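**Student:** Protein chains in written order, with the numbering used here: chain A, 1 to 196; chain B, 197 to 807.
We treat Cβ as the ideally placed atom computed from N, Cα and C, and that holds for glycine.
All figures in this text were calculated on a predicted structure; none of them were measured in a lab.
#1: With a floor of 4 residues, list each alpha helix (DSSP H) that falls wholly inside the segment 137 to 165 of chain A, ordered by position along the chain.
#2: Do you know offhand how far residue 393/B's Cα is from residue 457/B's?
#3: Distance, Cα to Cα, residue 185/B vs residue 400/B?
#4: When the cut-off is 9 Å and only beta carbons count, does residue 609/B lie next to chain A?
#5: State the Cα-Cα distance for the pair residue 525/B and residue 678/B, rounded to the nearest angstrom.
#6: Looking only at its own chain, which residues have a Cβ that is under 7 Å from the Cβ of residue 595/B, when we skip the five neighbours before and after it?
#7: Between the segment 476 to 492 of chain B and the segment 504 to 522 of chain B, do three or more beta carbon pairs fall short of 8 Å?
#8: For residue 3/A, does the three-state DSSP call read helix, strand or coil?
#9: Counting only C-beta atoms, is residue 84/A closer than 9 Å to chain B at any point?
#10: Three-state secondary structure (DSSP) at residue 186/A?
#11: Any beta carbon of chain B sitting closer than 9 Å to that of residue 138/A?
#12: In chain A, which residues lie with their C-beta within 9 Å of the C-beta of residue 748/B?
#13: Counting only C-beta atoms, is residue 753/B closer than 9 Å to chain E at any point?
#14: Output, in sequence order along the chain, the residues in the segment 725 to 746 of chain B whose CB is closer than 8 Å to any CB in chain A.
#15: Counting only the same chain and skipping the five closest in sequence on each side, list residues whose C-beta sits under 7 Å from that of residue 116/A.
#16: Quick one: is residue 3/A buried, meaning 16 or more other Cβ sit within 10 Å of its Cβ, or exposed?
#17: What does residue 153/A touch in chain B if you count any residue whose Cβ is under 8 Å from its own?
#18: Checking 9 Å against the spacing of the C-beta atoms, do residue 605/B and residue 163/A come in under that value?
#19: Tell me, please, whether the segment 621 to 631 of chain B touches the segment 175 to 188 of chain A by the rule of three or more beta-carbon pairs shorter than 8 Å.
#20: Tell me the DSSP secondary structure of residue 221/B in three-state form.
#21: Evaluate residue 337/B with the Cβ neighbour count: other Cβ atoms within 10 Å of its Cβ, from every protein chain shown; 16 or more gives buried, anything less gives exposed.
#22: Would DSSP call residue 266/B helix, strand or coil?
#23: Would you check whether the ligand FMN has a heavy atom nearer than 8 Å to the C-beta of residue 159/A?
#24: Count the other CB atoms, across all protein chains shown, that sit within 10 Å of the CB of residue 497/B; report buried if there are 16 or more and exposed otherwise.
#25: How would you label residue 397/B, buried or exposed, when you count the other beta carbons within 10 angstroms and need 16 or more for buried?
#26: Can a CB atom of chain B be found closer than 9 Å to the CB of residue 128/A?
#27: I want to see whether chain B comes within less than 9 Å of residue 163/A, judged by CB atoms only; does it?
#28: From the DSSP output, in three-state form, read off residue 538/B for me.
#29: Where residue 329/B and residue 415/B are concerned, what is the direct C-alpha to C-alpha distance, given to the nearest angstrom?
#30: So, helix, strand or coil for residue 275/B, using DSSP?
#31: Rounded to the nearest angstrom, how far is the Cβ of residue 420/B from that of residue 379/B, given a contact under 8 Å?
#32: Interface residues of chain A around residue 605/B at Cβ under 8 Å?
#33: For residue 410/B, name the three-state secondary structure that DSSP assigns.
#34: Helix, strand or coil: which one does DSSP assign to residue 772/B?
#35: With DSSP collapsed to three states, give me the class of residue 45/A.
#36: Using only CA atoms, which one of 361/B, 327/B, 365/B, 358/B lies nearest to residue 347/B?
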C-alpha cells in the first residue's frame, strides 16, 4: 500500500480546468486565444466577396455559390453593396413543384441551393409570384373599377333614396288649382293631407 | 317572484364555473386519460348549457335583466375599471345558443378528431375560445369586452393553424391574425377616445355621457373593428382562408360565434350609433357591398367549405345592413338563428368530405342522397333555412330584415344590392345541393360512406331541431323593442320570398342545362368570381412585396448608402465633379476668339465713354 500523499485539491481543479481550456471546440475568447476552431461553419472563402470583374472571378464566385457559370449573374455594381451575390430569378417558393421530393419539403428547397437575396419575402407564407390566369393590369382594372362603380352608385343611391310613401302627395299653390284649369276668380278649397 | 336577481346571478355564475373548471382540472392531472376531453369538456359544456337555460327562462318569463359588478379592479383617479357582467336580453339569449351549438360541435369533434394525438389540447382550445366569447358577450365594460375580443382572436389563430406543419394553414392563421389586428386598431382607438372623452369604459356611463358629443370618430373605430372581426369587405379574405382549420373550428368560430363578435359589438354599442346618420349609412353601404361581393364569389367556388364560408360572410354583410337600418334587435336575431343552420351546414359538409375520403371538390360528389340520408336531409334543412324558407329559423330573422329594408328610408342602391344578394344566396345554395347530392355519383365506388355513428347523427339532429324551432321560439318569446312595420302592400311583403324563388328557379334551370353542354372558355366575369374579385391576389401580392422590398432596401442599403456615401463623400465628389466638368466644358479653348472679344468689348466701352 502506498503511503497516502496529501492532495492539493485546488491544484487538481486547476489542472482539470487548464486541460479543459486547451482541448475541444470552444467559442468566443477561448477560441480566439487558443486558435481552436470547429470544422463546420462559414469559412472566409464562402462569404460573399466584391463584385467580380474578371471571368476568373466570375467562375470562382459561381463555384462558391454552387451555381453553373452560365447561370451566374451578379447584381449590377451600383454601390448598393451586393458584391458578388448572384441575382436569382424573382420567383417565390410557392411556384416550385409541390410534388418533388425536396430536401426541405416545407421550404421547397434542396440542401446547398443558393438562397435568393429576398428569400424571406418569397417563402410560402408571404409573397406568391405564381402566374395568374388574368393579367395584373386586367385584375387591377376590374377590381378598382368594381369598387369605383359601387361607390358611384352608392352616392347616387344617397341622392335618390328608396322609401314607402306614407301619405298622398301634397302639391303647393292650393293643390295646383290654377295649373289644373281652375277658375281664377273663385276661392279654391284647402286640400291638405299633412302639416309640416 | 322574490329574489329573482339572486337566482339569475347564481345560475349564471354556476354556468361560468362549470365552463371554467376543466381548464383547471387539465392543469391538475395531465390529460393522459384518452377520454378526458369527452368526460370533462363536452360534459361541462352540456351541463353549462342546461344551467344557462334557467336565466333564459327567467328572462323570457319575467323580463329580468341585471348587471353584476363583482370586483373593483383598478382605477386612475375617477376612471374605474370593474369586472362587471351584463345579463341583458343579448347575453342571456346568446350564451345558451352558443353553448348548445358548442355542445353539438364538441360531440362531433370527439368523432372527427379521434385519431389526433393532441385531441385533449384541441378541446381545451375550443373551451378557452368559448370562455373568451362568453366574456365578450357578457361584458359590461369595454375593457372586459376587449379581453374577450383578443381572446377569441388568438384562439382563432391557434385553431386555424392547428395542423401547423401545413404551410397553407400557417398562412391562413397569419392572415386571420393580421386582418383582425387591423380591425383591433379601430377598437383600440375607440377605447382611447372613450377613455379620454367619456371618462369611463362602463356601458351605462358611456351611453349617458355620449348623448351630447360628436361620436363620429370612435364610431368609425368601432365600425373598423367590426369590419376586421366580421369579415366585411376590405378585411374579408381571412374568412375563406380560415377553412384550412379543422371543421369543428370552422363550424364554431367562423360561422356561429367569433365572426359575429364584430356585429355583436355594434349591437351592444348601438345607443352610441343610433343617432349618428353617418355611422348608419357607413354600416349600410359596407354591409350591402360585402353581402353582394361575397355572394358573387360564392357562386363559382368548387370547394364545399369555401361556399359555406362565403355564405357566412354574406350573412354577416346582411347583419351589418340591418345595423345600418337601425334595427339591432333584428341583427341579433339573425346572429342567433344563423348560428344553428350555419354550424349544421359545416358539420354536414365534413361528414360528406370524410365519407368521400377527404374529397372537398363538389364536382367530384353527387348522388349522396340515398347513401347518407340524414346528412343530406340536414344539409337541405340548413340550406332552406339559409334561403329564408317560411317558418324555419332563417325566415323569422331574414324575412323581417328584408321587410324592414323595403319599408325604410334608405340608399336605393343598398336596397338593390341586398335583394340581389338574397336572390344569389338561393342560387349558390342550390348549386351546392345540386352538385353535392343530386344527380349521379361522380366519386370512386369504394368510398367509406358511413354516417351510422351516434356522434355524427345526434349533433346534426340537435342542430336541425334548433334550425327548425329557434326562430319561432325567439320571435314568440320576446317582444321586439322597436315596433315593426305591420302593414304593407302585398308585393313588399312577398319580396323576399319572390326573389328567393326567382334565384332558385334560375339556378335550377342553369344547373339542368349546363351539365349537358360542352364546356367552354370562361368569360371575364367568371374569372372575377372564381378569383374572389381579384382582391386577395392583388392585396396579398402587391402590399407585402412592396413593403418587404422597401424595408429590406432601406434597412440594408439605403441607410448605409445615405449615411456613409450620399451625405458625405460621394455627394461632394459628384457635385464638385459636375461643377468642374461644366466649367471646363464651357472653356472650349478658343483663346483667339476670347481675346478678340475682350478687346472689342474694351474698345466699345472706351469709345462709349469718350463720346
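**Tutor:** Reading it off the structure:
#1: DSSP runs (the alpha helix (DSSP H)) wholly in the segment 137 to 165 of chain A: none.
#2: Working through the second chain from its first residue, we reach residue 393/B at position 197. Working through the second chain from its first residue, we reach residue 457/B at position 261. Distance between the alpha carbons of residue 393/B and residue 457/B is about 25 Å.
#3: Beyond the ends of chain B as shown, which are 197 and 807, falls residue 185/B; an answer cannot be given.
#4: Taking the first residue of the second chain as 1, we reach residue 609/B at position 413. With a threshold of 9 Å between beta carbons, residue 609/B makes contact with chain A.
#5: Taking the second chain and counting its residues from 1, one reaches residue 525/B at position 329. Taking the second chain and counting its residues from 1, one reaches residue 678/B at position 482. So the two alpha carbons sit approximately 8 Å from each other.
#6: What you label residue 595/B is simply residue 399 of the second chain in a count that begins at 1. Closer than 7 Å at Cβ, skipping near neighbours: 584, 692.
#7: They touch, by the three-pair rule.
#8: As a working note, residue 3/A is residue 3 in the first chain. Any reading at residue 3/A must be qualified, since the residue scores a pLDDT of 49, below 50, and its modelled position is unreliable; no value is offered.
#9: Walking along the first chain from the start, residue 84/A turns up at place 84. Judged by the 9 Å Cβ criterion, residue 84/A is not in contact with chain B.
#10: Taking the first chain and counting its residues from 1, one reaches residue 186/A at position 186. Residue 186/A sits in coil when the DSSP states are folded into three classes, being neither helix nor strand.
#11: Numbered from 1 along the first chain, position 138 holds the residue referred to as residue 138/A. With 9 Å as the cut-off, residue 138/A counts as an interface residue toward chain B.
#12: Looking up residue 748/B in the second chain gives position 552. Neighbours of residue 748/B on chain A, chain order: 117, 118, 120, 121.
#13: Of the chains in the structure shown, none is chain E; the protein chains are A and B.
#14: Look at the segment 725 to 746 of chain B: the residues with a C-beta under 8 Å from a C-beta of chain A are 727, 729, 730, 731, 733, 734, 736, 737, 740, 741, 744, 745.
#15: As a working note, residue 116/A is residue 116 in the first chain. The residues are 88, 122.
#16: Locating residue 3/A in the first chain gives position 3, counting from the first residue. Reliability of the predicted coordinates at residue 3/A is poor, the pLDDT of 49 falling under 50, and the value obtained from them is presented with this limitation in mind. A residue is called buried once 16 or more other Cβ atoms fall within 10 Å of its Cβ, and residue 3/A, having fewer, is exposed.
#17: What you label residue 153/A is simply residue 153 of the first chain in a count that begins at 1. The contacting residues are 609.
#18: As a working mapping, residue 605/B is identified with position 409 in the second chain. As a working mapping, residue 163/A is identified with position 163 in the first chain. Cβ atoms of residue 605/B and residue 163/A: closer than 9 Å.
#19: The segment 621 to 631 of chain B vs the segment 175 to 188 of chain A: no contact.
#20: Here the question's residue 221/B lines up with position 25 in the second chain. The three-state reading of DSSP puts residue 221/B in helix, counting H, G and I together.
#21: Indexing the second chain from 1 puts residue 337/B at position 141. With 16 or more other Cβ atoms within 10 Å, it is buried.
#22: Within the second chain, numbered from 1, the residue matching residue 266/B stands at position 70. Assignment of residue 266/B by DSSP, reduced to helix, strand and coil, places it in the strand class.
#23: Judged by which ligands are present, the structure shown has none, so any question about the ligand FMN falls away.
#24: Taking the first residue of the second chain as position 1, residue 497/B is located at position 301. That one is buried.
#25: Taking the first residue of the second chain as 1, we reach residue 397/B at position 201. Result: buried.
#26: Translated into positions along the first chain, residue 128/A becomes position 128. Cβ-Cβ to chain B under 9 Å: yes for residue 128/A.
#27: Here residue 163/A is taken as the residue at index 163 of the first chain, counted from 1. So, interface residue.
#28: The residue you call residue 538/B lines up with position 342 of the second chain. Helix at residue 538/B.
#29: Start at 1 with the first residue of the second chain, and residue 329/B comes out as number 133. Start at 1 with the first residue of the second chain, and residue 415/B comes out as number 219. C-alpha separation (whole angstroms): 22 Å.
#30: Here residue 275/B is taken as the residue at index 79 of the second chain, counted from 1. It is a strand residue.
#31: Counted from its first residue, the second chain places residue 420/B at position 224. Counted from its first residue, the second chain places residue 379/B at position 183. Correct: roughly 6 Å between the Cβ atoms.
#32: As a position in the second chain, residue 605/B is number 409, starting the count at 1. Within chain A, 161, 162, 163 have C-beta atoms less than 8 Å from the C-beta of residue 605/B, given in sequence order.
#33: Sequence index remark: in the second chain, residue 410/B carries index 214 (1-based). Coil at residue 410/B, not helix or strand.
#34: Reading the second chain from its first residue, position 576 is the one you call residue 772/B. Residue 772/B sits in a helix when the DSSP states are folded into three classes.
#35: By one-based count along the first chain, residue 45/A stands at place 45. If DSSP states are grouped into helix, strand and coil, residue 45/A belongs with the helices.
#36: Taking the second chain and counting its residues from 1, the one referred to as residue 347/B is at position 151. Among 361/B, 327/B, 365/B, 358/B, the Cα nearest to that of residue 347/B belongs to 327/B.
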